[in-house]
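Engineer: When you number the sequence shown by this note's numbering, it's gap-free, plus one each residue, and the end is 308.
Don't be surprised by glycine CBs; every beta carbon is placed ideally from N, CA and C.
Shown below is the structure under consideration.
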Amino acid sequence: MKLSIVIPVYNESQYLYKLLAKVVSVHLPNQFIHKEIILIDDCSTDGTIDLLKKLEQDKSTLLDLIIVTLNNLHPDYTIANKEEAIKLLNEVSFIFLYQSKNQGKGAALRKGIDMSTGDYVIIQDADLEYDPNDYGNLLKPVLENKADVVYGSRFRGVYTRVLYYKHMLGNKFLTTFSNIFSDLNLTDMETCYKLFNGNLIRSIYLSSNRFGFEPEITAKIARANVSIYEVPISYYGRTYAEGKKISWKDGISAIWFILKYNLICRRVFKENHHADCISISNDNCKL
Numbered sequence: 022m023k024l025s026i027v028i029p030v031y032n033e034s035q036y037l038y039k040l041l042a043k044v045v046s047v048h049l050p051n052q053f054i055h056k057e058i059i060l061i062d063d064c065s066t067d068g069t070i071d072l073l074k075k076l077e078q079d080k081s082t083l084l085d086l087i088i089v090t091l092n093n094l095h096p097d098y099t100i101a102n103k104e105e106a107i108k109l110l111n112e113v114s115f116i117f118l119y120q121s122k123n124q125g126k127g128a129a130l131r132k133g134i135d136m137s138t139g140d141y142v143i144i145q146d147a148d149l150e151y152d153p154n155d156y157g158n159l160l161k162p163v164l165e166n167k168a169d170v171v172y173g174s175r176f177r178g179v180y181t182r183v184l185y186y187k188h189m190l191g192n193k194f195l196t197t198f199s200n201i202f203s204d205l206n207l208t209d210m211e212t213c214y215k216l217f218n219g220n221l222i223r224s225i226y227l228s229s230n231r232f233g234f235e236p237e238i239t240a241k242i243a244r245a246n247v248s249i250y251e252v253p254i255s256y257y258g259r260t261y262a263e264g265k266k267i268s269w270k271d272g273i274s275a276i277w278f279i280l281k282y283n284l285i286c287r288r289v290f291k292e293n294h295h296a297d298c299i300s301i302s303n304d305n306c307k308l
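If you want it as structure tokens, here you go:
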């Protein structure tokens, strides 16, 4: 099987290569023989595009960082780690997409999801807040045929960096507010780590451009009559000095998006949705 990893990128030159080395280095369950990494740059201005272009020309650019990543895990096996790094890099394909203007995280994700070909699709932020070593936990429910969608909860995890109380409070409020309308019992609606059956996520009609993606996809999978699981993940949140971009304005916008996609724009599937996906009665809302 193939896992597609969709990574929206905006001004992440400081962390991008380190994150990609971790993604390439992580070992997946034996059922997965290929990783498809889809990078969507949202018109970055800090040199990120140059890094992506360099990698597009030669993916071995990551080789030394992959070796470092493996050495951190297995410091006694340096030579073997170099061979393993080459093997892992050969098992990965990259797709590079570039937005002509800044359109937001949601627009980048929609583009990346449409280009994905994996049996399963996972969302990965381009910073180091979320650890790719959690992929195994996210994949476990789908490999046991228990779930079509898996959310990674920062509030169920046992290893998290302690940061802003107001962010935690805001996330819990938005999750509870979303749960009221979706009738789900999630603990972390706003989490980046969401894993989907590939055919399912590619069949869902998505329209949000910026930070409305999380409320929109949650509202729509809640109405899609699919099995949803939540698993604990680790989380290392950034400070604003380290590059965190979310603000209180995004929280206010999220309230509107929860209302919009649960009460107003209720269309779930694209017109040509996959036959295996279970459709429900939808309003044909195109905003």
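Closest by CA to Gly24, which one among Lys281, Ile285, His55?
Structural biologist: On the sequence shown, position 3 is the one that residue 24 refers to. Correcting the residue identity first, residue 24 is Leu in this sequence and not Gly. For Leu24, the nearest C-alpha among the options comes from His55.
Engineer: Run through the stretch 55 to 92 for me and flag every whole beta strand (DSSP E) of 3 or more residues, listed as ranges in chain order.
Structural biologist: 55 to 62
Engineer: In its own chain, which residues sit with a C-beta less than 6 Å from the C-beta of Ser114, not counting the 5 before and 5 after it?
Structural biologist: For the purposes of this step, residue 114 is taken as residue 93 along the sequence shown, with counting starting at 1. Glu57, listed in sequence order.
Engineer: Given that a residue counts as buried once 16 or more other Cβ atoms are within 10 Å of its Cβ, and exposed if not, what is Ile225?
Structural biologist: If you number the sequence shown from 1, residue 225 lands on position 204. Its Cβ being crowded by 16 or more others within 10 Å, Ile225 is buried.
Engineer: Distance check for Ile26 and Lys215, CA to CA, integer angstroms please.
Structural biologist: The sequence position of residue 215 within the sequence shown is 194, counting from 1. The sequence position of residue 26 within the sequence shown is 5, counting from 1. Looking at the two C-alpha atoms, the distance is approximately 10 Å.
Engineer: Please state whether DSSP places Pro253 in a helix, a strand or coil.
Structural biologist: Taking the first residue of the sequence shown as position 1, residue 253 is located at position 232. When secondary structure is reduced to three states using DSSP, Pro253 falls in the strand class.
Engineer: Let's test the definition: count the other Cβ atoms within 10 Å of the Cβ of Phe194 and tell me whether it reaches 16, buried, or not, exposed.
Structural biologist: What you label residue 194 is simply residue 173 of the sequence shown in a count that begins at 1. Flag for Phe194 reads exposed.
Engineer: Within 10 angstroms of its Cβ, does Ile273 collect 16 or more other Cβ (buried), or is it exposed?
Structural biologist: Counting from one through the sequence shown, the residue named residue 273 turns up at place 252. Counting Cβ neighbours within 10 Å, Ile273 comes out exposed, since fewer than 16 surround it.
Engineer: Return the CA-CA distance between Asn230 and Pro236, expressed in angstroms with no decimal places.
Structural biologist: Sequence index remark: in the sequence shown, residue 230 carries index 209 (1-based). Sequence index remark: in the sequence shown, residue 236 carries index 215 (1-based). Answer to the nearest angstrom: the Cα atoms are 12 Å apart.
Engineer: Short of 7 Å in beta carbon distance, which residues of its chain neighbour Asn102, apart from the five on each side in sequence? Order them along the chain.
Structural biologist: Here residue 102 refers to the residue found at position 81 when the sequence shown is read from its first residue. Closer than 7 Å at Cβ, skipping near neighbours: Ile88, Leu91, Asn92, His95.
Engineer: Could you spell out where the alpha helix (DSSP H) holding Pro236 opens and where it closes?
Structural biologist: Translated into the one-based positions of the sequence shown, residue 236 becomes position 215. Looking at the DSSP string, the run of the alpha helix (DSSP H) that includes Pro236 is 234 to 244.
Engineer: Residues in the same chain with beta-carbon distance under 6 Å from Ser65, minus the five sequence neighbours each way, listed in chain order, please.
Structural biologist: Here residue 65 corresponds to residue number 44 of the sequence shown, with the count starting at 1. Tyr31, Asn32.
Engineer: Only counting the same chain, and skipping five residues up and downstream in sequence, which positions put a Cβ closer than 8 Å to that of Leu205?
Structural biologist: Here the question's residue 205 lines up with position 184 in the sequence shown. Taken in chain order, the residues that qualify are Ser199, Thr239, Ala243, Ile249.
Engineer: To the nearest angstrom, how far is the alpha carbon of Asn51 from that of Lys161?
Structural biologist: As a first step, residue 51 is located in the sequence shown; it is residue number 30 there, counting from the start. As a first step, residue 161 is located in the sequence shown; it is residue number 140 there, counting from the start. Cα to Cα, Asn51 sits roughly 12 Å from Lys161.
Engineer: With which residues is Ile143 paired in a DSSP beta bridge?
Structural biologist: Residue numbering aside, residue 143 sits at position 122 when the sequence shown is read from its first letter. DSSP output for Ile143 lists Ile26, Leu216 as bridge partner(s).
Engineer: Can you tell me which residues form a DSSP beta bridge with Val171?
Structural biologist: Mapped onto the sequence shown, residue 171 falls at position 150. Its beta-bridge partners are Leu216, Tyr250.
Engineer: What's the gap between the Cα of Lys122 and the Cα of Asp63?
Structural biologist: Taking the sequence shown and counting its residues from 1, the one referred to as residue 122 is at position 101. Taking the sequence shown and counting its residues from 1, the one referred to as residue 63 is at position 42. Between Lys122 and Asp63, the alpha-carbon positions lie close to 7 Å from each other.
Engineer: With DSSP run on the structure shown, which of helix, strand or coil describes Phe115?
Structural biologist: For the purposes of this step, residue 115 is identified with residue 94 of the sequence shown, where counting begins at 1. Of the three classes helix, strand and coil, the one that applies to Phe115 here is strand, per DSSP.
Engineer: As a quick exercise: from Ala106, Ala42, Tyr36, Lys132, pick the residue whose alpha carbon is nearest that of Gly68.
Structural biologist: On the sequence shown, position 47 is the one that residue 68 refers to. The shortest C-alpha separation from Gly68 is found at Tyr36.
Engineer: Under DSSP, the alpha helix (DSSP H) around Arg131 begins and ends at which residues?
Structural biologist: As a first step, residue 131 must be located in the sequence shown, where it is residue number 110. Note, Arg131: alpha helix (DSSP H), 126 to 136.
Engineer: Enumerate in chain order the residues of its own chain whose CB-to-CB distance from Leu164 is below 8 Å, with the five nearest sequence positions on each side excluded.
Structural biologist: Taking the first residue of the sequence shown as 1, we reach residue 164 at position 143. For Leu164, the CB contacts under 8 Å within the same chain, skipping 5 residues up- and downstream, are Pro50, Gln52 in chain order.
Engineer: Assign Ser81 to one of two classes, buried (16 or more other C-beta atoms within 10 Å of its C-beta) or exposed (fewer than that).
Structural biologist: Here residue 81 refers to the residue found at position 60 of the sequence shown. Ser81 should be labelled exposed.
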